[in-house]
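Reminder that position 261 of the sequence shown reads as 713 in this note's numbering, one-by-one numbering, no gaps.
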Amino acid sequence: MQQVPSIIYPKFHPSKEAIKCLALTLSLFLVVAIFSPLHAQDNQAKGTVYLDVNENGILDTGEKGIEGVKVSNGVDVVKTNTQGQYEIELPPESILFISKPANYRVPLNDVQLPQFYYCHYPNGTPDVAAWKWPVIKPTGPLPKTINFALLEGAVPDAFKAMGFADPQTTTNEELDMMRKDIIDALFGNPYEAEFGLVAGDVVNDNLALYERHNKLMSQIGIPMWNVPGNHDLNKESPNNKYATETYRSVFGPDYYSFDYGQVHFLALNNIGHLGKGKGYEGHIDAKQMKWIENDLKDVPSDKLVMIITHIPLLTYASNRSFSKSINTVNFDELLRILGRFKYVYAIAGHDTSNSWKVEINHTHGWHGYPFIAHTLAEVRGSGWHSGPRDEQGVRQATMQDGNPNGFYVFCFDGHKVKPQFVPAGGDPNDRLRIMLDPQLFHSDSIAQKHPMGLDRGVQVDNMHVVVNFFDGGDRDQVMISLDGKTPVPMQYTERTDPYYAREYQKYKGTSDAFGSPAISSHIWQFALPKLKPGIHVAEVSAIDEFGFEDHETLTFEIIEEE
């Protein structure tokens, strides 16, 4: 057996200085070891999610905790235990929030905004910019407990919600127009909606209007869930991290989720602020993307996931070029996370020129059930400054694709959703505009100045009946019956709306000017044969892909050439 050689170590006699250095190192190690857990505890939020039986906002003796409620710090997601208790790390400058379960309601403040969060900004928003608008004030140390109240409120699988894209007012006068055009038609919740969804651009850079805006929207009488838009940003922020500080101070977290019936609502912030003076892009940051993944882990794959953003996930705007400011650049990453879900629907605003319904399918890298990315027609249309005023002083504000401004009623039934566009004024059965293009020729020039014409004159070559089926798309059906004949399909085409083009020319260069006409995604046309002089009738019937119908009639009179 081979003998292992022994190793002789030299004797070591440390100096007094070495001993002192070793003692100091050990002392520092002990300080870190002792106080690091205490520091970690300072960042640990804990509390109870409970059923607030008497609705006083206080966890009273006898009120029970609710098990299985999701609590998040904006990245991590934990669930309450059997007693309704939770514990989660909450770093400074974070917002703690819960995800409302389907069978409960959250408390509301005096302007119908959901109260489901706690802002943890011990020192307030830092002075990283010369803030133009009020930001988050110091909240002080983390409380020992942060409790969240829930109220009883089971919602059936079939329910309705309101949808609003881009109210986007700049002044109090524009808020007056919004009140006259939209709020008056919805006062008292005539559609019996459970809540409203606001897809960003709550205001138009004037963040001081939040308070009055919320007071006006509260007159509808339903909770309002909001997401931020590019016109809701603190544009002076040097980075994306602090770009929604004023928004957060009013509405709470800028992304979150909640459940109603068989629907999981995913409200996101996809405004990628690039820094002061550098603009923005449609982008979901890494922190939020990780939260989405964590939030969706326990959502059943057969639930409908309803996504609300401001910038569309995907749109055909800008002549079908996908600008970074009009689409979400990392949409493919979101699609990866959504991959296991059978039912998805996405709504957005932002595009002031058009409303679109893009079917997301394998051509976009999506291999699940096709779903709709719906760019909504806007509350503010092409802007509260555009178009002539009506008798109430409200601008016409027609969108550049010829779609009137308006709002939506979303009809949910289990995992299905049907969006119904309602033009401003509140008539859901007014979705068709029928016109002749070109107009009948008439020697009376006045007849030709009206954008719709008076529809009496001489037939000219290549004349069509043109229909704008508001908020429609290429999967809808539009039929025409001319002079009582059997209805035939009209031809779907992407072109400018002749009505809007005439309005544009009429008011060009005036204080009532519209924006330039844009290609519309909801135009149908029918080539007129050569017709005899006399009165003719065009009856149009339209049905969209969700089953909503409208029927309108156009009469016109052809005269002999003079």
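Think of the CB as a built atom: it goes at the ideal place given N, C-alpha and C, for glycine as much as any other residue.
Beta-carbon spacing of residue i, residue j below 9 Å
i: residue 798; j: residue 759; result: yes
i: residue 826; j: residue 756; result: no
i: residue 947; j: residue 626; result: no
i: residue 700; j: residue 588; result: yes
i: residue 829; j: residue 713; result: no
i: residue 915; j: residue 888; result: yes
i: residue 924; j: residue 974; result: yes
i: residue 503; j: residue 610; result: no
i: residue 741; j: residue 778; result: no
i: residue 805; j: residue 852; result: yes
i: residue 545; j: residue 809; result: no
i: residue 796; j: residue 768; result: no
i: residue 634; j: residue 858; result: yes
i: residue 615; j: residue 648; result: yes
i: residue 621; j: residue 679; result: no
i: residue 800; j: residue 994; result: no
i: residue 576; j: residue 537; result: no
i: residue 659; j: residue 623; result: no
i: residue 565; j: residue 721; result: no
i: residue 719; j: residue 677; result: yes
i: residue 523; j: residue 550; result: yes
i: residue 893; j: residue 942; result: no
i: residue 949; j: residue 918; result: yes
i: residue 548; j: residue 495; result: no
i: residue 862; j: residue 637; result: no
i: residue 501; j: residue 514; result: no
i: residue 835; j: residue 972; result: no
i: residue 734; j: residue 780; result: yes
Among the options, nearest to residue i - alpha-carbon criterion
i: residue 583; options: 694, 911 and 805; result: 694
i: residue 963; options: 839, 989, 867 and 919; result: 839
i: residue 708; options: 731, 692, 919 and 746; result: 746
i: residue 940; options: 970, 992 and 891; result: 992
i: residue 655; options: 637, 685 and 966; result: 685
i: residue 1009; options: 528, 614, 984 and 998; result: 984
i: residue 604; options: 649, 795, 943 and 558; result: 558
i: residue 824; options: 850, 787 and 843; result: 787
i: residue 817; options: 663, 1001, 753 and 766; result: 766
i: residue 606; options: 636, 918, 547 and 556; result: 556
i: residue 860; options: 807, 814, 511 and 753; result: 807
i: residue 617; options: 595, 982, 965 and 875; result: 875
i: residue 592; options: 968, 571, 920 and 580; result: 571
i: residue 657; options: 794, 683 and 664; result: 683
Reduced DSSP secondary structure (H/G/I, E/B, other) of residue i
i: residue 1002; result: strand
i: residue 521; result: coil
i: residue 667; result: helix
i: residue 892; result: coil
i: residue 788; result: helix
i: residue 793; result: coil
i: residue 711; result: strand
i: residue 491; result: At residue 491, the pLDDT of 43 sits below 50, so the modelled position is not reliable; the number obtained from the coordinates is stated separately. Correct three-state label for residue 491: helix.
i: residue 760; result: strand
i: residue 931; result: strand
i: residue 1011; result: coil
i: residue 740; result: helix
i: residue 816; result: helix
i: residue 746; result: helix
i: residue 563; result: coil
i: residue 456; result: Because residue 456 carries a pLDDT of 34, less than 50, the predicted location of this residue cannot be relied on, and the following value inherits that uncertainty. Of the three classes helix, strand and coil, the one that applies to residue 456 here is coil, per DSSP.
i: residue 621; result: strand
i: residue 694; result: coil
i: residue 515; result: coil
i: residue 700; result: helix
i: residue 531; result: strand
Counterpart residues of residue i in DSSP-defined beta bridges
i: residue 957; result: DSSP, once it has assigned bridges, lists no residue as partnering residue 957.
i: residue 501; result: 600
i: residue 868; result: 865
i: residue 884; result: 921
i: residue 507; result: Its beta-bridge partners do not exist; DSSP assigns none.
i: residue 734; result: 723 and 780
i: residue 825; result: 798 and 810
i: residue 641; result: BP columns for residue 641 are empty, so no partner.
i: residue 547; result: 571
i: residue 614; result: 648 and 861
i: residue 677; result: 649
i: residue 841; result: 847
i: residue 979; result: 916
CB contact check: residue i to chain D, cutoff 9 Å
i: residue 686; result: Chain labels in this structure do not include chain D; a single protein chain is all it has.
Residue i Cβ short of 8 Å to the ligand ZN heavy atom set
i: residue 830; result: Although the ligand ZN was asked about, the structure shown includes no ligands whatsoever.
With three or more beta-carbon pairs closer than 8 Å as the criterion, would you say the stretch 664-677 touches the stretch 633-649? yes
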